[in-house]
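Undergrad: Taken in order, the sequence shown gives residues 1 to 381; the numbers are from our numbering.
My structure is below; once you've seen it, I'll send some questions.
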Amino acid sequence: MKKITILGSTGSIGTQSLDVIRKNRDRFKVEALTCGQNIDLFRKQIAEFNPAIGVCAEKDDSERLSAEFPNTKFLWGPEGIDEVAISECDVVLNSLMGMRGLIPTYKAINAGHDIALANKETLVAGGSVIMGAAVEKNVKILPVDSEHSAVFQCLEGNGDKKIRRILLTCSGGPFRGYTRKKTENITPERALKHPNWSMGKKITIDSATLMNKGLEMIEAKWLFGVEMEEIEVLVHPQSIVHSAVEFSDSSVLAQLGVPDMRIPISVALAYPDRLDFPDLALDFFGEGRFMTFEKPDISVFRCLLLAVCASKLGGTYPAAMNAANEILVQAFLDKRIGFLDIEGGVEKIMSMHNSIKNPTLEDIIEVDKITRLETERIIKC
């Protein structure tokens, strides 16, 4: 039985991960859970899964839950998350949003835990540090993102073969086919309506700007040891082909399935085994009947290009780009800026950034902190 720690259990990935575990209680034991603000849901999760440790964002919530659940040890704040990241378990599933996931991932790796990674920003900002630590400690980084899970599955048994291209698919988001002019007045409410996937707010906005696909390209670079030139994005509105790998002999292996995050979550948690999900079978005569592919329009969705540029520039450019994007997306959700101001702000921050060539973890954290402050200053101007 695998012992699982979930960082961010009340979010979209966290709740779906617990659903996978709920259906496979003979395979998994929840060792620790962490939450942010959704204390009501967290209380229900603690009652159902009875973890050894629970972590809240606030001290008051931790103390209240401690009185309710005496069999669970409650911690709070970033220090509490760091502590559970190194506590006893087999797999740490990191579904924290944004850069908050970097340090717990690093600590969990150094504790020798395998990582089920749903926090792509960890590799975007700190790819060299994280992958270096994973190699040193001989731990597995198991991708939870559907695209990277697909590539991971395609490479099983083929890792030593010559890869020509990794083909990352994306739905194109809710504004596929829009002209640049048409994107000017997009509201948060419209941007949050993703056509295929159920996700958190931040990643849904990133999907609308195509920044998410840019972040995923950087993540794929680190996970699979390829160059950015060897990664191509295909817009695939049906979200049936989750990604593919083209080998040197021009053969292509692809992973198909319904757009349901429980499948890639189960692959990461159960690896190297597979779980049973007969209710998620793909109907090839229904939703699997029509599949189309097209190129992304980078003249409209420039965030994709900015992410590629940041990766090619290297150093701390990806960390700065990521920090700026996180602040700008939240500002858009708060209706402080417009949709196109997200890419404009990212580009401005990148043009101002003084990169560190071979950053340490401390360098990355400092760049993230400074960039967030600078981005807020730009927004206020």
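Glycine residues also receive a C-beta, built at the ideal position from the N, C-alpha and C atoms.
1. Determine contact between the region 205-220 and the region 124-133, defined as no fewer than three beta-carbon pairs at a distance below 8 Å.
2. What is the DSSP secondary structure of residue 185, reduced to helix, strand or coil?
3. Could you check the C-alpha separation between residue 77 and residue 57 for me, to the nearest Å?
4. Under the rule that 16 or more other beta-carbon atoms within 10 Å means buried, what is residue 26, buried or exposed?
5. Do residue 53 and residue 67 have their CB atoms nearer than 7 Å?
6. Three-state secondary structure (DSSP) at residue 209?
7. Sort 223, 151 and 20 by Cα distance to residue 277 and report the nearest one.
8. Kindly confirm or deny that the region 281-297 and the region 339-356 touch, where touching means at least three C-beta pairs closer than 8 Å.
9. Could you check where the beta strand (DSSP E) with residue 114 kicks off and where it finishes?
10. Taking Cβ positions, are residue 169 and residue 256 nearer each other than 7 Å?
11. Can you tell me where the alpha helix (DSSP H) holding residue 65 begins and where it ends?
12. Please return the same chain residues whose Cβ sits closer than 7 Å to the Cβ of residue 336, not counting the five positions on each side in sequence.
13. Am I right that residue 91 and residue 162 are in contact with their C-beta atoms under 8 Å? What's the rounded C-beta distance?
14. For residue 302, does the three-state DSSP call read helix, strand or coil?
15. Buried or exposed for residue 37, going by 16 or more other Cβ atoms inside 10 Å?
16. For a quick check, are the C-beta atoms of residue 310 and residue 368 less than 7 Å apart?
17. Looking at the structure shown, is residue 148 part of a helix, part of a strand, or coil, going by DSSP?
18. Can you tell me which of the three DSSP states residue 53 falls into?
19. Which residues mark the beginning and the end of the beta strand (DSSP E) in which residue 163 is found?
20. Would a C-beta distance cut-off of 7 Å place residue 99 and residue 222 closer than the cut-off?
21. Nearest by alpha-carbon distance to residue 113: which of 86, 97 and 135 is it?
22. Using alpha carbons as the reference points, say which of 89, 210, 153 and 230 lies closest to residue 273.
23. Between 375, 239, 359 and 117, which has its C-alpha nearest residue 331's C-alpha?
24. Where does residue 324 land, buried or exposed, given buried means 16+ other C-beta within 10 angstroms?
25. Across the region 357-372 and the region 235-246, are there enough close Cβ pairs to call them in contact, namely three or more that are closer than 8 Å?
26. In this structure, how does DSSP classify residue 239 when only helix, strand and coil are distinguished?
27. Please return the same chain residues whose Cβ sits closer than 6 Å to the Cβ of residue 10, not counting the five positions on each side in sequence.
28. Alpha carbon to alpha carbon, how far is residue 171 from residue 281?
29. Could you please give me the residues that DSSP links to residue 28 through a beta bridge?
30. So, residue 144 versus residue 116, is the Cβ gap smaller than 7 Å?
31. Where residue 75 and residue 61 are concerned, what is the direct C-alpha to C-alpha distance, given to the nearest angstrom?
32. Rounded to whole angstroms, what is the Cα-Cα separation between residue 296 and residue 231?
33. Around the Cβ of residue 312, are there at least 16 other Cβ atoms within 10 angstroms (buried) or fewer (exposed)?
34. Which one or two residues does DSSP pair with residue 76 in a beta bridge?
35. So what does DSSP say about residue 358, is it helix, strand or coil?
36. Note down, in chain order, each residue of its chain lying with its Cβ closer than 6 Å to the Cβ of residue 206, except the 5 sequence neighbours on either side.
TA: Reading off the structure:
1. yes
2. Looking up residue 185 in the sequence shown gives position 185. DSSP places residue 185 in coil when its eight states are reduced to three.
3. For the purposes of this step, residue 77 is taken as the residue at position 77 of the sequence shown. For the purposes of this step, residue 57 is taken as the residue at position 57 of the sequence shown. So the alpha carbons of these two residues sit roughly 5 Å apart.
4. The residue labelled residue 26 in the question sits at position 26 within the sequence shown. Exposed, since its Cβ has fewer than 16 Cβ neighbours within 10 Å.
5. Counting from one through the sequence shown, the residue named residue 53 turns up at place 53. Counting from one through the sequence shown, the residue named residue 67 turns up at place 67. Cβ atoms of residue 53 and residue 67: not closer than 7 Å.
6. As a working note, residue 209 is residue 209 in the sequence shown. Three-state DSSP puts residue 209 in a helix.
7. Walking along the sequence shown from the start, residue 277 turns up at place 277. Ranking the options by Cα distance to residue 277, first place goes to 20.
8. no
9. In the sequence shown, counting from the first residue as 1, residue 114 sits at position 114. Looking at the DSSP string, the run of the beta strand (DSSP E) that includes residue 114 is 114-117.
10. One-based indexing of the sequence shown puts residue 169 at position 169. One-based indexing of the sequence shown puts residue 256 at position 256. In this structure, residue 256 does not lie closer than 7 Å to residue 169 by Cβ.
11. Indexing the sequence shown from 1 puts residue 65 at position 65. Segment 59-68, the alpha helix (DSSP H) holding residue 65.
12. Within the sequence shown, numbered from 1, the residue matching residue 336 stands at position 336. Around residue 336: 379.
13. Within the sequence shown, numbered from 1, the residue matching residue 91 stands at position 91. Within the sequence shown, numbered from 1, the residue matching residue 162 stands at position 162. That belief does not hold up - the Cβ atoms of residue 91 and residue 162 are roughly 31 Å apart, past 8 Å.
14. If you number the sequence shown from 1, residue 302 lands on position 302. Coil at residue 302, not helix or strand.
15. Here the question's residue 37 lines up with position 37 in the sequence shown. It is exposed - the Cβ of residue 37 has fewer than 16 other Cβ atoms within 10 Å.
16. Translated into positions along the sequence shown, residue 310 becomes position 310. Translated into positions along the sequence shown, residue 368 becomes position 368. Not in contact: residue 310 and residue 368 (Cβ atoms no closer than 7 Å).
17. Indexing the sequence shown from 1 puts residue 148 at position 148. Note: residue 148 maps to helix in three-state DSSP.
18. The residue given as residue 53 occupies position 53 in the sequence shown. Looking at residue 53 - three-state DSSP - the assignment turns out to be strand.
19. For the purposes of this step, residue 163 is taken as the residue at position 163 of the sequence shown. Residues 163-170.
20. Locating residue 99 in the sequence shown gives position 99, counting from the first residue. Locating residue 222 in the sequence shown gives position 222, counting from the first residue. Cβ atoms of residue 99 and residue 222: not closer than 7 Å.
21. For this step, residue 113 is matched to residue 113 along the sequence shown. The option with the nearest alpha carbon to residue 113 is 86.
22. Along the sequence shown, read from residue 1 onward, the residue named residue 273 stands at position 273. Checking every option, the nearest Cα to that of residue 273 belongs to 153.
23. Position 331 of the sequence shown, counted from the start, is the residue given in the question as residue 331. Nearest of 375, 239, 359 and 117 to residue 331, Cα basis: 375.
24. Taking the sequence shown and counting its residues from 1, one reaches residue 324 at position 324. It is buried - the Cβ of residue 324 has at least 16 other Cβ atoms within 10 Å.
25. no
26. Numbered from its first residue, the sequence shown carries residue 239 at position 239. Coil.
27. Position 10 of the sequence shown holds residue 10. Answer for residue 10: 35, 38, 41 and 42, listed in chain order.
28. Here residue 171 is taken as the residue at index 171 of the sequence shown, counted from 1. Here residue 281 is taken as the residue at index 281 of the sequence shown, counted from 1. Those two C-alpha atoms are separated by around 20 Å.
29. Reading the sequence shown from its first residue, position 28 is the one you call residue 28. According to DSSP, which records beta bridges pairwise, residue 28 is partnered with 2.
30. Within the sequence shown, residue 144 is the residue found at index 144, counting from 1. Within the sequence shown, residue 116 is the residue found at index 116, counting from 1. Taking 7 Å as the Cβ cut-off, residue 144 and residue 116 qualify as a contacting pair.
31. Here residue 75 refers to the residue found at position 75 of the sequence shown. Here residue 61 refers to the residue found at position 61 of the sequence shown. Whole-angstrom Cα-Cα distance: 10 Å.
32. Sequence index remark: in the sequence shown, residue 296 carries index 296 (1-based). Sequence index remark: in the sequence shown, residue 231 carries index 231 (1-based). When rounded, the distance between both Cα atoms is 13 Å.
33. Along the sequence shown, one-based indexing puts residue 312 at 312. It is exposed - the Cβ of residue 312 has fewer than 16 other Cβ atoms within 10 Å.
34. Walking along the sequence shown from the start, residue 76 turns up at place 76. Paired residues: 56.
35. Residue mapping note: residue 358 aligns to position 358 of the sequence shown, counting from 1. Residue 358: coil per DSSP, three-state reduction.
36. By 1-based counting over the sequence shown, the position of residue 206 is 206. Only 212 meet the Cβ criterion.
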